[in-house]
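Just below is one structure, and these are the notes that go with it.
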Amino acid sequence: MKPTFVLAVLAATMSSAAAAALGFNYGNINKFNAVKVRKEYVDEFNTAKALVGGGNRFTSARLYTGVQGGTTNGPNEAIQAAIDTNTSLLLGLWCSAGEDVFANELLALQNAIGKWGESFARLVVGISVGSEDLYRISPTGIENHSYAGAGPDVIVRYIRRVRAIIQGTVLDKKPVGHVDTWTAWVNGTNQPVIDACDWIGMDAYPYFQSKVSNAIEYNNGLFQDALGQTRAAVGGKPVWITETGFPATGKTSGAAVPSIENAARYWNEVGCPMFGRENVWWYTLQDNSVGDDPSFGVIGSTGLTTTPRFDISCKQDSP
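Mapping of the sequence shown onto mature numbering (1 follows the signal peptide of the UniProt record, and there is no 0): residues -19 to -1, 1 to 300, in sequence order.
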């Protein structure tokens, strides 16, 4: 091959390897309150890739648990679906249900490594030990009647156990982190968790910031403020955007009014400038159940479709 062609190929390969992850969050329960199985994940992952206006960019999935529903410690069937569809994974382990449940998360992780090996490992962007556990034990989390959480000492201990499990395996070099709300990251009592992480997962929803001026025209500013405060608090560690979005329907929160127009504006002002530049997992492709209020689903909840509720092409982000 000509040197110029070789250089072009190398540049393209390096660019592709460095590309930021972009996708959605995926729970393990479907809209009929039944446990999801492999085919459902395959259908969801393929739908995300084929979204009209999406440019085949939504090729990553964030999972909240590594355990398949209905089993004690069987690996999540979403992993096989990811292998089937070449979907990258932010693998999650649930940490807010006690020691026994977390022990089964670890066993499920070991089982996944043993079952799929490198075909699994090559898709893993990172491992998230927990999701909003620190928020749920905070005054705000308690006020909002959140589920049980876990303290920083517990999360740090769990992170160490995950590192021990993956040491010497195909996941040995995968970055390990924790996902929580931006308010948890700026709380100094959670510094030990920051210290234990390779990366920081930030969840931010200006829609829910009802105690400040959070009309849609202020949402981008609120999000950027949350991101800036988080980055300042974590000492230079990479910050991944693990959840954000704006509802198309539902109840008003403060001055934030759900509508398709406002969901589209949030997508264009907050999401589009980050897509391809930051690791982003949007909330969400489709709602967890029919009639969710508020409804964050880019395609709603009536069934899988490649036609979003609004234009997701990010054309408004282009000069």
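Glycine included, C-beta positions come from ideal geometry on N, C-alpha and C. Note that this is a predicted model, so its numbers are computed, not measured.
Residue i versus residue j: straight-line alpha-carbon distance, rounded
i, j, result
"residue 68", "residue 174", "28 angstroms"
"residue 289", "residue 150", "40 angstroms"
"residue 191", "residue 268", "22 angstroms"
"residue 4", "residue 120", "31 angstroms"
"residue 60", "residue 136", "24 angstroms"
"residue -14", "residue 16", "Unreliable positioning characterises residue -14 in this predicted model, as indicated by a pLDDT of 36, which lies under 50. The coordinate reading is nonetheless provided below. Looking at the two C-alpha atoms, the distance is approximately 48 angstroms."
"residue 222", "residue 259", "7 angstroms"
"residue 36", "residue 197", "26 angstroms"
"residue 230", "residue 277", "8 angstroms"
"residue 178", "residue 129", "22 angstroms"
"residue 71", "residue 64", "13 angstroms"
"residue 30", "residue 1", "15 angstroms"
"residue 146", "residue 105", "15 angstroms"
"residue 42", "residue 236", "31 angstroms"
"residue 85", "residue 142", "12 angstroms"
"residue 155", "residue 228", "33 angstroms"
"residue 107", "residue 81", "23 angstroms"
"residue 183", "residue 193", "20 angstroms"
"residue 291", "residue 238", "16 angstroms"
"residue 164", "residue 131", "15 angstroms"
"residue 220", "residue 248", "19 angstroms"
"residue 139", "residue 157", "11 angstroms"
"residue 199", "residue 159", "28 angstroms"
"residue 280", "residue 205", "25 angstroms"
"residue 243", "residue 22", "28 angstroms"
"residue 66", "residue 98", "16 angstroms"
"residue 79", "residue 217", "31 angstroms"
"residue 113", "residue 161", "4 angstroms"
"residue 27", "residue 77", "30 angstroms"
DSSP three-state assignment for residue i, whether helix, strand or coil
i, result
"residue 220", "strand"
"residue 161", "strand"
"residue 75", "coil"
"residue 43", "strand"
"residue 56", "strand"
"residue 136", "helix"
"residue 105", "strand"
"residue 70", "strand"
"residue 272", "coil"
"residue 118", "coil"
"residue 189", "helix"
"residue 151", "coil"
"residue 100", "helix"
"residue 287", "coil"
"residue 169", "helix"
"residue 110", "strand"
"residue 238", "coil"
"residue 175", "helix"
"residue 48", "strand"
"residue 16", "strand"
"residue 123", "helix"
"residue 146", "helix"
"residue 280", "coil"
"residue -1", "coil"
Residue i - containing beta strand (DSSP E), residue span
i, result
"residue 3", "3 to 7"
"residue 97", "Per DSSP, residue 97 belongs to no beta strand (DSSP E); it is in the alpha helix (DSSP H), 80 to 97."
For residue j and residue i, believed in contact at Cβ under 8 angstroms, the rounded distance
i, j, result
"residue 294", "residue 73", "Wrong, their Cβ atoms sit about 29 angstroms apart, outside the cutoff."
"residue 226", "residue 263", "6 angstroms"
"residue 9", "residue 57", "7 angstroms"
"residue 166", "residue 214", "5 angstroms"
"residue 240", "residue 189", "Contact flag wrong, Cβ pair sits at about 16 angstroms."
"residue 265", "residue 6", "5 angstroms"
"residue 203", "residue 25", "Not really, about 29 angstroms apart at Cβ, beyond 8 angstroms."
Exposure of residue i, with buried meaning 16 or more beta-carbon neighbours within 10 Å
i, result
"residue 117", "buried"
"residue 337", "Outside the modelled stretch of the chain, which goes from -19 to 300, sits residue 337, for which no answer is possible."
"residue 13", "exposed"
"residue 252", "buried"
"residue 126", "exposed"
"residue 62", "buried"
"residue 123", "exposed"
"residue 40", "buried"
"residue 283", "exposed"
"residue 271", "exposed"
"residue 148", "exposed"
Proximity test, Cβ basis, 8 angstroms: residue i and chain D
i, result
"residue 204", "Going by chain labels, chain D is absent from the structure shown, which holds only one protein chain."
Range covered by the alpha helix (DSSP H) that runs through residue i
i, result
"residue 294", "Counting along the chain, residue 294 falls outside any alpha helix (DSSP H), and DSSP gives it neither H nor E."
"residue 207", "197 to 214"
"residue 181", "Run containing residue 181: none in the alpha helix (DSSP H); it sits in the beta strand (DSSP E), 180 to 184."
"residue 23", "19 to 30"
"residue 261", "No alpha helix (DSSP H) holds residue 261; the beta strand (DSSP E) holding it covers 261 to 263."
"residue 38", "Here residue 38 belongs to no alpha helix (DSSP H), and DSSP marks it neither H nor E."
"residue 249", "Unbroken run through residue 249: none, as it is neither H nor E."
Proximity test, residue i beta-carbon vs the ligand GDP heavy atom, cut-off 7 angstroms
i, result
"residue 64", "In the structure on display, the ligand GDP does not appear, and there are no ligands present to speak of."
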